[in-house]
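Line order of the protein sequences matches chains A and B.
Position 202 of the first sequence, counting from 1, maps to 202 under our numbering, and the rest follow consecutively.
Position in the second sequence (from 1) plus 1000 gives the number in our numbering.
Step one of this worksheet: look at the structure below.
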Amino acid sequence: MTTTVAKDAMRKGDKTVIAEGTRMIPIYVMGKRYLVPETLTIQKAMEYAGYQFIRSCGCRGGICGACATVYRLEGDYKLYSGLACQTVVQPNMYLVQIPFFPANKVVYDIEKLPYDVTAIQTTYPETFRCVQCNACTKVCPMDLQVMDYMAAAIRGDIEAVAEMSRSCIMCGLCTSRCPAETNQYNMAELCRRLYGRYGQKKSQQVAKRVEEIKAGKYDPMIEELQSLPLEELKKRYEEREWEPVISEGWEPKETKYL
Amino acid sequence: MGYTPEMKELIKKVEATRPARVERVKQGIQFPKLSLEEAERRLKTYHPDYKEEGRREFKIGPNKGDGHTYPDEVVDLFEAKSRIDPDIVDLSKPDYETDVLIIGGGGAGTTASLFAQENGMKVIIATKLRHGDANTIMAEGGIQSADSTKDSPYYHYLDIIGGGHFTNKPNLVKALTLDAPLIIQWLESLGMNFDKTPDGEMRLLAGGGTCRKRMHSCGDVTGAEIMRTIRDEARNRRDDITVLEYQPAVEIILDEDGKAAGALLYNMETEEYSIVKAKAVIVTTGGCGRLHIQGFATTNHYGATMDGIVMAYRCGVPHCFLYATQYHPTGAAYPEQNVGLLITEKMRTAGAQPVNIDGEEFTFPLEPRDVESANIIRECMDVGKGIPTPVGRIGVWLDTPMIDMLRGEGTVERDFPAKFIQFKRYGIDISKEPLLVYPTLHYQNGGVEANEWGETKIPGLFVAGEVLGGIHGENRLMGNSLLDINVYGRRAGIRASEYVKQGITLKKLTLEHVRAYHKELKEAGIETDRISPMLLPDYSNPEVRAKQLTARYFGTLR
């Protein structure tokens, strides 16, 4: 290990380093052939080929759903999908990005919906047209069990929909493939909010602390810190008591600021 | 794919020391924390902010001669011309009129829109990409709020101000800590999902630099869950909240009295400019990771290019703390496709330790972020115990398999589902193999100068979120930015509404401040064809670019 390697390593920014001897492979962007280094993601390969993104590019880290991409491989009838920022190119990949797909987003008042299946029936009735074909699950770039959460929704199991759709990035690929024209991801968003609002119990401790703060309990403590000379403030900072990693049964010794 | 045979060989050294390290953590024994003095020495020697090369002073505007140097990548944006010549804009015919214009559709902007709407305002959100395309959606670990019985806003305040090297603006910290439980309760009421016990209490974790467990989370998708929830709510209020996507602001418009009066928008798809006339303007444009300061990779969103600070500066609003940039200690360094990807601090709060090539601990895992980053850089650069990657990057191990050993089989997959899949794609099972990490550009720290209601020196101009400077001083702790976007989004939304309700009469709209800025550039002898705000980073391929014989790049955009 030498320092020169390390210093150089810091200066590479977002540019993917293409190792010497990397093989160039053909990919087909909307049918047009480009030769790109085989180690790149679809997103970086398209930039390498000369594209500048306005759409179809977001977090560049696999969580925002902007760069949903569908592709086929030459000689293979199957349809594949992935996020362009996360999927490495393959030889003879025919791809297109789906930056937007129209979906039904229903306007509702969270305060006025019941916590049962009727909430889904009255907002997204098309959910019940689901034919359980599994096209949504197959296309999901996050590997969610979309069809299963649709089944849970039909049963009225809102909690299961919330749990099973937790990592949904709302890219819309499921909706694009649905023969029953359902809007899986917007329906799942509704269920997550219903679950958070009505399914999960409210934290009593948070409510209690809000009341304490409103009553002004902590104002003098903060003002005390604000009035301290810097050296005294530093001392208090350094002398803080630390809650251990595994802290069941632990109680702080200092209690007057709790 | 997965790790190379050479790397797999090195991982054996990590495996060899792992059982003993797990045992020590169980007994509460960790690598010792640095004292304040030692930490300061470490920062001065190893943190990128303290390097002299690649930095310069501001030569124009309110921060001229303020005694600080700033990264060249930042100063370049301010020593640049507007996208537009004010002489060719007809401000007499606005395309949109509204009470409150919000520039930026991330977490802070969306929260501000909800509170402005509740206070009777008609709102327009103008945003560069899609509604919700922001760093908020990428924040993983959690949101801080001192509501546990073993914690209080007193300790939250102390942690924040110490983490920021005692430079933070005290009133901004006070508002942040005292509003925090209120925000958690508000998010609960909107239906945000939290990691809770069956009786509804929060499953809390610690973060770097926090002496108590006060991190509230939703798996490792906390920011995404916040963004999805508040965006859905804004869409439910679409009669009052209009969202203009792919239409960023490129200049703030003032009226002849110097009040904020709207903004000039640029439709990036049709290349058309339009004018919004508004009684109040809230800037919520986020951070700047895509400037790739000092060539570092970043965890930030594609649109994080400091636009709001540039626009406010042209109106005469100073910035503060922009000399300090936050490097997240643990960005992915391997595989190449994931470089820069955020590895949430929650991994370390759950028990994963950073270890070197010999499988040895070398830092307390939960130092404040700047100190943790400095320790990792030192281990690689100076001690020479980093791990090289096949393309010549370097990193240290983050020993994630410790998490399952400490908290039970399956914890990694359950609590870090997004991260688990992002590495599984490349043949790395992070519950069995460690991750390779290196510091990466993460947070702006500094921003536009404003008070605890987000008010700037320009009447009617507010800021909230990452674009607002001073809350975190020189260094932010984990979980306080998801908090500040909500706390200050709410505050700016409420205060902007109050401001509008007192009866605002706008005089003639003007871009005179842009003319004046251009003049100041010229007088300072700054000859440049740079354009700002940048809007999007330049990732063009130089070889292709050389052959784009008739293409015209205006700034970074073609």
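Note that beta-carbon positions come from the ideal geometry of N, C-alpha and C, so glycine has one too.
It should be emphasised that the depicted structure is a prediction, and the values quoted were computed from it without experimental measurement.
Check	Outcome
Nearest to Y1050(B) by CA position, among F1166(B), Q1294(B) and P1170(B), is which residue?	Q1294(B)
What three-state label does DSSP hand Y48(A) in the structure shown?	helix
Can you tell me whether N104(A) is buried or exposed, with buried defined as 16 or more other CB within 10 angstroms of its CB?	exposed
For K1277(B), collect the residues of the same chain with a Cβ closer than 8 Å to its Cβ; drop the 5 residues on either side in sequence, then sort them by chain order.	P1094, Y1096, E1097, T1098, I1253, A1261, G1262, L1506 and L1509
At a cut-off of 8 Å, is K201(A) close to the ligand ADP when judged by its beta-carbon and the heavy atoms of the ligand?	Of the ligands one can find in the structure shown there are none, so the ligand ADP has no counterpart to examine.
Under 9 Å between C-beta atoms, does K1013(B) make it to chain A?	no
Beta-carbon of F101(A) versus every beta-carbon of chain B: anything under 9 Å?	no
Report the neighbours of I1184(B) on chain A: residues whose CB is nearer than 7 Å to its CB, in chain order.	V206
In this structure, does DSSP put P1542(B) in helix, strand or coil?	helix
Within 9 Å (strictly less), CB to CB, does S247(A) reach chain B?	yes
Check whether the Cβ atoms of L1322(B) and N1445(B) lie closer than 9 Å to each other.	yes
Could you pull out every unbroken alpha helix (DSSP H) segment of at least 4 residues lying fully inside the segment 1204-1238 of chain B, listed in chain order?	1222-1236
Who are the Cβ neighbours of Q90(A) in its own chain at under 7 Å, not counting the five residues just before and after it?	L73
In the structure shown, what three-state DSSP assignment does P125(A) receive?	helix
Can you find at least 3 beta carbon pairs, one from the segment 134-144 of chain A and one from the segment 160-177 of chain A, that sit closer than 8 Å?	yes
My output table needs one value for R1056(B): the three-state DSSP class, helix, strand or coil.	strand
I need the straight-line Cα distance from E1009(B) to G1359(B), nearest angstrom please.	12 Å
So which residues on chain B does S167(A) lean against when the C-beta distance must stay under 7 Å?	V1221, P1417 and A1418
Do the segment 1038-1048 of chain B and the segment 1365-1379 of chain B make contact, defined as three or more Cβ pairs closer than 8 Å?	yes
Can you tell me whether DSSP reads C230(A) as helix, strand or coil?	Cys is not the amino acid found at residue 230(A); the sequence shown has Leu there. Three-state result, L230(A): helix.
Could you check what DSSP says for C191(A) in three-state terms: helix, strand or coil?	helix
Using beta-carbon positions only, say whether M1202(B) and V245(A) come within less than 9 Å of one another.	no
For G1316(B), collect the residues of the same chain with a Cβ closer than 8 Å to its Cβ; drop the 5 residues on either side in sequence, then sort them by chain order.	G1061, P1062, K1457, I1458 and H1513
Give me the Cα-Cα distance between C1288(B) and M1227(B), rounded to the nearest whole angstrom.	19 Å
Is A6(A) close to chain B? Criterion is C-beta to C-beta, closer than 9 Å.	Residue confidence is low: A6(A) scores 37 on pLDDT, short of 50, so the model does not pin down where it sits. Its coordinate-derived value is still stated next. It does; some Cβ of chain B falls within 9 Å.
What residues from the segment 135-147 of chain A come within 9 Å of chain E, judged by C-beta to C-beta, listed N to C?	Any reference to chain E falls outside this structure, whose protein chains are A and B.
Are the CB atoms of C191(A) and I158(A) nearer to each other than 9 Å?	yes
How would you label G1163(B), buried or exposed, when you count the other beta carbons within 10 angstroms and need 16 or more for buried?	buried
Could you give the first and the last residue of the continuous alpha helix (DSSP H) run that contains L1341(B)?	Careful: L1341(B) lies outside any alpha helix (DSSP H) and carries neither H nor E.
What first and last residue would you give for the alpha helix (DSSP H) that runs through R1021(B)?	P1005 to K1026
If we call anything under 9 Å between Cβ atoms a contact, is L1398(B) one with P1368(B)?	no
Return helix, strand or coil for S81(A), following the three-state DSSP convention.	strand
Distance cutoff 9 Å, beta carbons only. Does A9(A) sit that close to anything in chain B?	Interpretation of A9(A) is limited by its pLDDT of 42, a score under 50 that renders its predicted location unreliable; no figure is taken from the coordinates.
Measure from the alpha carbon of M1402(B) to the alpha carbon of each residue in R1476(B), P1417(B), R1348(B) and L1366(B), then state which is nearest.	R1348(B)
Indicate whether the contact test is met: 3 or more Cβ pairs, each with one atom in the segment 1230-1237 of chain B and one in the segment 1206-1221 of chain B, closer than 8 Å.	no
Name, please, each residue of chain A whose Cβ falls closer than 7 Å to the Cβ of A1206(B).	E243
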